[in-house]
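Participant: Line by line, the protein sequences give chains B and G. Residue 51 in the working numbering sits at position 51 of the first sequence, and the numbers go up by one each step. One rule links them: number in the working numbering = place in the second sequence (from 1) + 180. Note that CB positions come from ideal geometry on N, CA and C, so glycine has one too. Computed from a predicted structure; not experimentally measured. Okay, here's the structure, questions in a sec.
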Amino acid sequence: MIDPSLASEKKLILGVGLLSQNFSRVSGGVSGNPGLGTIYPEVHLSYDLFIGAGYSLSPWVLYTPMLRISRDGGDTTNVLALALRLKKDLSSSLSANLGVGEFIYRMYGPGGTTTLNNGNSTATFALPSGSVASTLFTVNTGFGFAFSETWRTDLDMMVVNLFSAKRAFNAVLSVGYGIL
Amino acid sequence: MMLFLLLSVLNSQAFTLISTGNVGWQTSTLTFNVDTTCNNYLGAVNAAMNSAISLWTNAPTANLTLAIGSTVTFSGTLSQYVGTSATLVAPAGNPTIICSTTFSTDTGIAANSGIPGVAGAFNISSGRIQGGLLVLNVQSGDNANITTMNSTVVAVIVAHEMGHILGLGHSGDTSALMYYDASAKNVLSLGQDDVDGISFLYPRQEPRDKVFGCATIENINSGSGGGTSLPLLFEFVLLLTIIRLGIRNAKT
Ligand SMILES: [Zn+2]
């Protein structure tokens, strides 16, 4: 049986948007007050596998194609995130999802040294060298709104360390295009 | 689309490390001992240490558990460890926090230089930090005596110096705790740059870090081996104190 509300929608979505890592968690400026998090451009793909009664299984993969590059080239970082969500159609245009996934945060350093202020003089400091990744489980949730058969917008959240004081929110605001 | 992407890329200065070779501690559970010289200031020191410990421990993508350890007595001559012409490194073992009533003599930094603390005497061998000292300025009459500062400022100072002990150098990013000048900070927080730095040295890798609790740190993918020790004295300017004093002087 095909759900009438889903029959006309595209199943393979290509999305682009902005990822906010550590939303309201890291310092947003010189005073140390929290800001909007660390913002990256992101692309993602999702596929809706209809399983009945308005529910779909929706695998999702996100990548930040452009590294966040520090001005002095000291380090660069990027994100690869994977998730498997259960998606529920709330109406013909509105949907919600809940799932689990993995957040892979990779940091790269060029090696070498740099000279920085050290109080009342300058000093030579080492730059990170090589690449290191942190890998964290996520609990994912989100809402989506379909404007048409092909265009939609989504707000998704990847929560890391949900049950500890290390908890942080990584939010994604995106526009999606239905390919197939 | 390209323009959108280009406009969205954030630029920031990057974190640095105290030594080449990505040198951190071997363990992800590190205890800071407190020297008996801090006995008279334990309220302020413990409050700041607890805040600083929570801050670094809770960095989302890092795997660190910090704690306050036992009271110890540092027996050496401090100026030989953190003075401007120091020759010794800290004994191997837990890092120690020392409160110095003779801060300018011990460090070689002139009195009233606005420097509330230093981290140094890094004992680095086998590509790891094996020991370190964190010296707080409690010199009577000095303009950067931490006992005259409010608790948030002291927590920022201790957390910054703790960052050095953990292996981080200064950052050129003004939003970072590891920026060399914290005079504008009125909230104790980590910048993304600090989180990156501490995650680089102590990456969190689930399920390993969940299933096995506090694991030791694996060798990270650096290519270079043992790391060259940089015998640095890290200084931390607290211009705020100077500005405050300046205002006070101007008033009187
Ligand atoms: Zn410093």
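How far does the alpha helix (DSSP H) with G/H340 in it extend, from its first residue to its last?
Facilitator: Stepping through the second sequence from its first residue, residue 340 of chain G is reached at position 160. First-last of the alpha helix (DSSP H) with G/H340: 331-346.
Participant: Just to confirm, is the Cβ distance from G/L313 to G/G300 under 8 Å?
Facilitator: If you number the second sequence from 1, residue 313 of chain G lands on position 133. If you number the second sequence from 1, residue 300 of chain G lands on position 120. Closer than 8 Å, so yes.
Participant: List the whole-angstrom C-beta distance separating G/Q319 from G/A356, where the pair is believed to meet the contact cut-off of C-beta under 8 Å.
Facilitator: The count along the second sequence starts at 1 and reaches residue 319 of chain G at position 139. The count along the second sequence starts at 1 and reaches residue 356 of chain G at position 176. With 8 Å as the limit, G/Q319 and G/A356 do not qualify as a contact, their Cβ atoms being about 28 Å apart.
Participant: Is B/H44 a contact residue of ligand 1, with contact defined as CB to any heavy atom under 7 Å?
Facilitator: Position 44 of the first sequence, counted from the start, is the residue given in the question as residue 44 of chain B. Result no, Cβ not under 7 Å from ligand 1.
Participant: Between the alpha carbons of B/I179 and B/G144, how many angstroms are there, rounded?
Facilitator: For this step, residue 179 of chain B is matched to residue 179 along the first sequence. For this step, residue 144 of chain B is matched to residue 144 along the first sequence. If you take the alpha carbons of B/I179 and B/G144, they lie about 17 Å apart.
Participant: Looking only at its own chain, which residues have a Cβ that is under 6 Å from the Cβ of G/L258, when we skip the five neighbours before and after it?
Facilitator: Start at 1 with the first residue of the second sequence, and residue 258 of chain G comes out as number 78. Excluding residues within five positions, the ones whose Cβ falls inside 6 Å are D286.
Participant: Please state whether the Cβ-Cβ distance between G/L235 and G/L370 is less than 8 Å.
Facilitator: By one-based count along the second sequence, residue 235 of chain G stands at place 55. By one-based count along the second sequence, residue 370 of chain G stands at place 190. It is a contact, given that the beta carbons lie within the stated cut-off.
Participant: Kindly indicate which three-state DSSP category B/G54 falls into: helix, strand or coil?
Facilitator: Translated into the one-based positions of the first sequence, residue 54 of chain B becomes position 54. Reduced to three states, the DSSP call for B/G54 is coil.
Participant: Relative to chain G, which residues along the segment 120-138 of chain B have a C-beta separation below 9 Å, given in chain order?
Facilitator: Listed by position, the residues of the segment 120-138 of chain B near chain G (Cβ gap below 9 Å) are N120, S121, A123, T124, F125, A126, L127, P128, S129, G130, S131, V132, A133, S134, T135, L136, F137.
Participant: Is G/L368 closer than 8 Å to G/L346 when the C-beta atoms are compared?
Facilitator: The residue given as residue 346 of chain G occupies position 166 in the second sequence. The residue given as residue 368 of chain G occupies position 188 in the second sequence. Not a contact, by the Cβ cut-off of 8 Å.
Participant: Any heavy atom of ligand 1 closer than 7 Å to the CB of G/Y360?
Facilitator: Against the second sequence, residue 360 of chain G aligns to sequence position 180. Correct: G/Y360 has its Cβ closer than 7 Å to ligand 1.
Participant: Do B/L116 and G/H350 count as a contact pair if the criterion is CB distance below 8 Å?
Facilitator: The residue you call residue 350 of chain G lines up with position 170 of the second sequence. The residue you call residue 116 of chain B lines up with position 116 of the first sequence. Their beta carbons are under 8 Å apart, which means G/H350 touches B/L116 by this criterion.
Participant: How would you label B/L84, buried or exposed, when you count the other beta carbons within 10 angstroms and need 16 or more for buried?
Facilitator: In the first sequence, counting from the first residue as 1, residue 84 of chain B sits at position 84. B/L84 is exposed by the Cβ-count criterion.
Participant: Assuming contact is defined by CB atoms lying nearer than 8 Å, are B/D154 and B/S174 in contact in what I supplied?
Facilitator: Walking along the first sequence from the start, residue 154 of chain B turns up at place 154. Walking along the first sequence from the start, residue 174 of chain B turns up at place 174. Contact: yes.
Participant: Helix, strand or coil for G/L222 per DSSP?
Facilitator: Within the second sequence, numbered from 1, the residue matching residue 222 of chain G stands at position 42. Correct three-state label for G/L222: helix.
Participant: Which residues does DSSP list as the beta-bridge partners of B/I39?
Facilitator: Locating residue 39 of chain B in the first sequence gives position 39, where the first residue counts as 1. Answer by DSSP bridge pairing, in chain order: B/S20.
Participant: Spell out whether any CB of chain B is found under 8 Å from the CB atom of G/I198.
Facilitator: Here the question's residue 198 of chain G lines up with position 18 in the second sequence. True, the Cβ-Cβ gap to chain B drops below 8 Å.
Participant: Is the CB of B/T141 under 8 Å away from at least one CB in chain G?
Facilitator: What you label residue 141 of chain B is simply residue 141 of the first sequence in a count that begins at 1. No, B/T141 does not count as interfacial toward chain G.
Participant: Can you have a look at B/G99 and say buried or exposed, based on whether 16 or more other CB atoms are within 10 angstroms of its CB?
Facilitator: If you number the first sequence from 1, residue 99 of chain B lands on position 99. Buried is the call here.
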